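Working notes, structure below.
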Amino acid sequence: MSMSGCAPDDPLAGCTPLAREPLSAEQAAAIAPMLKAVADPVRLRLLSLVLSHQDGEACVCDLQPAFDLSQPTISHHLKVLHEAGLLHREKRGVWVYYRVRPEAMQAFLTLFAAVPDPLSGAASTTTTTTAGAPA
């Protein structure tokens with residue numbers, strides 16, 4: 001599917017690798033917020049912690065001990081990741097549990113797949129494990 005076929009509600013869904021077809025200005029603008037969300041070191045660590053947490057989900061109370069940050073700050077970063085489409089969230093009683101959206105992780109892999117190696121001229125591909133993380 002071409003980049004023009006990216007889903008409007010999920011900019012990474014159904015997109016082809018960047019090395020195959022250039023992004024339009026609109027597509028780059030739609031994908032940039034997701035990349036900005038993970039460009040922050042705290043948010044990148046939070047994404048990693050949620051993804052690697054038991055059962056693949058965590059609440060702020062599970063994540064806060066890993067940081068020297070307040071609960072509201074951790075919640076803000078989780079909200080940014082959620083709004084960028086990288087996390088699902090589910091309220092259970094007074095707690096909100098976060099889970100990484102597997103389709104978002106797979107879309108990132110697809111977006112950056114087959115990046116040409118400028119030295120050899122060949123495309124470098126990423127292999128994945130069943131969990132969708134690079135092997």
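Throughout the sequence shown, residue numbering follows full-length UniProt numbering, covering 1 to 135 in sequence. Cβ atoms here follow ideal geometry from the backbone N, Cα and C, with glycine treated the same way. If you're wondering where the values come from, they're calculated on a predicted model, not measured in any experiment.
(message) For the beta strand (DSSP E) containing V96, name the first residue and the last one.
(response) On the sequence shown, residue 96 is found 96 positions in, with the first residue counted as 1. Here the beta strand (DSSP E) through V96 covers W95 to V100.
(request) Flag this pair as touching only if the stretch 69-78 and the stretch 20-33 have three or more C-beta atom pairs under 8 angstroms; answer yes or no. (result) Three or more Cβ pairs closer than 8 angstroms define a contact, and the stretch 69-78 falls short of that threshold against the stretch 20-33.
(request) State buried or exposed for L63, treating a residue as buried only when at least 16 other CB atoms are found within 10 Å of its CB. (result) Working through the sequence shown from its first residue, we reach residue 63 at position 63. That one is buried.
(message) Quick check: what's the CA-CA separation for C61 versus E83?
(response) One-based indexing of the sequence shown puts residue 61 at position 61. One-based indexing of the sequence shown puts residue 83 at position 83. If you take the alpha carbons of C61 and E83, they lie about 20 angstroms apart.
(request) State the DSSP-derived secondary structure class of A25, mapped to helix, strand or coil. (result) Here residue 25 corresponds to residue number 25 of the sequence shown, with the count starting at 1. A25 falls in the helix class under three-state DSSP.
(request) Grab me the residues of A44's own chain with a C-beta within less than 8 angstroms of its C-beta, minus the 5 sequence neighbours each way, in chain order. (result) For the purposes of this step, residue 44 is taken as residue 44 along the sequence shown, with counting starting at 1. The sequence given here places Leu at residue 44; Ala does not occur at that position. Exclusion of the five residues before and after L44 leaves V38 as the residues of its chain whose Cβ lies within less than 8 angstroms of its Cβ.
(message) DSSP has K91 in a bridge; who is on the other side?
(response) Looking up residue 91 in the sequence shown gives position 91. In the DSSP output, where bridge partners are listed per residue, K91 has V96.
(message) If I follow the unbroken beta strand (DSSP E) through A58, where does it start and stop?
(response) As a first step, residue 58 must be located in the sequence shown, where it is residue number 58. That run of the beta strand (DSSP E) goes E57 to C59.
(request) State the DSSP-derived secondary structure class of residue 137, mapped to helix, strand or coil. (result) The first residue shown for the chain is 1 and the last is 135, placing residue 137 beyond what the model contains.
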